[in-house]
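In this text, residue positions in the sequence shown follow the working numbering: the first is 10, and each later residue adds one. Ideal placement from N, C-alpha and C gives every residue a C-beta, glycine not left out. These notes are about the structure you will find just below.
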Amino acid sequence: MRSSPFGADPPRRTTGSRLCVGCEAAGVAVRRRTAEAGEPQLAGLGVRARHTGAAAEEDMMSTSSRWIRMSLAAGLALAAVTAAAQAPKLAPAPAKPSVMILATGGTIAGAQPKPGEAGYKAGSFSVESLIQGVPGMEKIAIVKGEQIASIGSQDMNDAVWIKLARRVNELQASPDVAGIVVTHGTDTMEETGYFLNLVVKGDKPVVLVGSMRPATAISADGPMNLYNATAVAVDPAARGRGVLAVLNDDIHYARESAKTNTTSLQTFHSPNRGLAGIVNFGKARFYSPPLPKHTSASAFAGAVPDALPKVFIVYAYANVGKEQVEAALAAGAQGIVLAGVGDGNATAPMIEALAAAAKKGVVVVRSSRVGSGTVARNVELDDDKLGFVAAMELNPPKARVLLQQALTKTKDVAAIQKYFEEY
Ligand code: ASP
């Protein structure tokens with residue numbers, strides 16, 4: 010793994026122990042200043058005593074007058090020490106909150122073979138390198154990092170999700186951590202974010218962050234995104250809002266967010282319900298809290314199962330047939346999500362194949378490939394008759410995430426529909 014992202018600046022040390030070294034250094038400086046403030050006075054008294062006690066005078070000085078002067082000097086010295094002791098003490102610096110950064114890879118940790126070129130390899134830098142590449146992190150939190158995976162998020166899989174979710178849940182229960190940041194590729198960030206939103210138990214902020222430009226790029230967006238995400242993770246106003254995603258100065262609810270552009274820095278949008286807030290140079294401003302159930306209020310929060318149910322997405326387009334549905338059934342689908350045209354529609358052959366699957370006990374959820382809006386029940390299609398679930402606001406990948414969780418509890422279509430209305 011490479012060790013120097015975000016340009017050639019010398020890395021800054023931001024881990025907890027290093028910050029403590031900094032705290033100690035600050036303590037030493039304060040002690041030194043106190044000592045220096047005292048020492049010159051005491052030394053000065055001695056110097057003055059020696060000056061006023063020049064040899065000729067001193068010879069004439071009686072023993073008693075020397076005692077008086079020594080007592081005076083001692084008295085002044087004592088007064089100085091007492092004054093120093095009574096001086097208002099410097100308040101101890103408030104303890105900084107701790108943030109754990111769980112790294113999974115992505116473009117934020119990506120390296121280009123040649124600077125200035127579009128090509129790069131995601132997940133090339135370690136979490137420590139990412140932390141050290143962001144100036145000023147140590148001012149907002151005691152930051153530590155753990156490497157969960159080093160993949161482009163196009164390779165995200167159940168095993169990494171389960172490992173990540175379990176670690177987030179451990180950290181939720183740990184008194185030592187105030188917030189959790191997850192560095193992640195942008196391709197599947199919305200899925201991971203929504204998955205965590207359902208399975209994480211706890212109110213501490215969990216903030217996903219990525220970047221559109223690799224760490225070695227001209228004007229890389231990763232450092233500011235990571236700085237902002239860390240600031241959001243320690244912001245008390247972020248608590249209890251469910252899983253968040255921070256990119257390009259926007260704070261999204263993971264449930265609402267979607268990647269909408271292949272390359273733009275402003276790729277993430279929350280089309281249906283809008284942003285969770287904004288964050289500028291680490292200062293966050295939050296908007297309305299989310300209404301759908303999440304984290305602590307989620308029926309799926311807590312113990313994360315060892316495996317997730319098999320759910321496939323089939324994609325509708327003009328003249329689409331039943332082949333994708335048949336392939337999903339042959340591969341052992343327990344659930345199928347339709348990325349439908351328009352309001353969750355598809356050709357008659359595809360709908361017939363889906364209805365046949367639903368009759369066999371495979372749970373079918375209708376979503377839309379459109380990118381925003383709601384797929385509600387019984388509008389153009391008779392979901393009651395066909396045995397389908399309507400995805401409501403969830404896009405196909407997110408509908409897949411919720412269907413997987415729902416299938417860990419039930420196969421009942423009405424109960425699963427209720428989940429889609431509440432989550
Ligand atoms: N393919 C990359 C990933 O998702 C894209 C990115 O991170 O922006 O890991």
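Nearest-angstrom Cα separation, counted from residue j out to residue i
| i | j | result |
| --- | --- | --- |
| P298 | G249 | 9 angstroms |
| K210 | S107 | 19 angstroms |
| H261 | A366 | 35 angstroms |
| D391 | K331 | 19 angstroms |
| S74 | K105 | Confidence at S74 is low in this model, with a pLDDT of 42, below 50, so the placement of that residue should be treated as unreliable; the coordinate-derived value is given next. If I take the Cα positions, the gap works out to 56 angstroms. |
| C29 | V186 | Confidence at C29 is low in this model, with a pLDDT of 26, below 50, so the placement of that residue should be treated as unreliable; the coordinate-derived value is given next. Rounded to the nearest angstrom, the two C-alpha atoms are 16 angstroms apart. |
| N178 | G311 | 7 angstroms |
| D393 | N387 | 7 angstroms |
| Q141 | A112 | 14 angstroms |
| K369 | K420 | 11 angstroms |
| A357 | S381 | 23 angstroms |
| P406 | I322 | 8 angstroms |
| E126 | L395 | 51 angstroms |
| A339 | G286 | 44 angstroms |
| F309 | P101 | 42 angstroms |
| A182 | F277 | 30 angstroms |
| P124 | I171 | 35 angstroms |
| A423 | N166 | 29 angstroms |
| Q343 | R409 | 11 angstroms |
| A362 | P232 | 48 angstroms |
| G115 | A325 | 29 angstroms |
| M69 | P103 | Because M69 sits at a pLDDT of 35, beneath the cut-off of 50, its placement in the model cannot be relied upon, and the point is left open. |
| D352 | D259 | 28 angstroms |
| A327 | V379 | 14 angstroms |
| T383 | N404 | 9 angstroms |
| M401 | L411 | 12 angstroms |
Burial state of residue i, where buried means 16 or more other Cβ atoms lie within 10 Å
| i | result |
| --- | --- |
| Y432 | buried |
| E155 | exposed |
| Q333 | buried |
| Q414 | buried |
| T246 | According to the sequence displayed, residue 246 carries Ala and not Thr. Under this definition A246 is an exposed residue. |
| E430 | exposed |
| S270 | In the sequence on display, residue 270 carries Asn and not Ser. Answer is exposed; the Cβ neighbour count stays below 16. |
| E200 | buried |
| S273 | exposed |
| R294 | exposed |
| A316 | exposed |
| Y236 | buried |
| K213 | buried |
| Y296 | exposed |
| E389 | exposed |
Residue i and residue j closer than 8 angstroms at C-beta
| i | j | result |
| --- | --- | --- |
| N234 | L256 | yes |
| L416 | P318 | yes |
| I425 | V372 | yes |
| A174 | V208 | yes |
| S228 | T195 | no |
| S305 | G349 | no |
| A385 | A399 | yes |
| N206 | V252 | yes |
| I149 | V243 | yes |
| L139 | I117 | yes |
| K268 | M198 | yes |
| L347 | A336 | no |
| P184 | Q121 | no |
| S133 | G119 | yes |
| V152 | I189 | no |
| G202 | A263 | yes |
| V329 | M359 | yes |
| V169 | I157 | yes |
Where the alpha helix (DSSP H) containing residue i begins and where it ends
| i | result |
| --- | --- |
| K394 | D392 to L395 |
| Y236 | G231 to A242 |
| S138 | V136 to Q141 |
| R378 | Unbroken run through R378: none, as it is neither H nor E. |
| A415 | P405 to L416 |
| V252 | That residue, V252, is in no alpha helix (DSSP H); it is neither H nor E in DSSP. |
| T192 | Element bounds for T192: not the alpha helix (DSSP H) but the beta strand (DSSP E), G188 to T192. |
| G202 | M198 to V208 |
| V169 | D167 to A182 |
| K427 | V422 to E431 |
| P358 | A357 to K368 |
N- and C-terminal bounds of the beta strand (DSSP E) containing residue i
| i | result |
| --- | --- |
| A120 | Element bounds for A120: n/a, residue is neither H nor E. |
| K292 | K292 to F295 |
| V320 | V320 to Y324 |
| E155 | I151 to I160 |
| V346 | G344 to G349 |
| V215 | V215 to V218 |
Proximity test, Cβ basis, 8 angstroms: residue i and chain C
| i | result |
| --- | --- |
| N281 | Among the chains in the structure shown there is no chain C, since it carries only a single protein chain. |
Please specify which runs of the alpha helix (DSSP H), each continuous and at least 4 residues long, are wholly inside the stretch 254-342, giving them in chain order.
332-339
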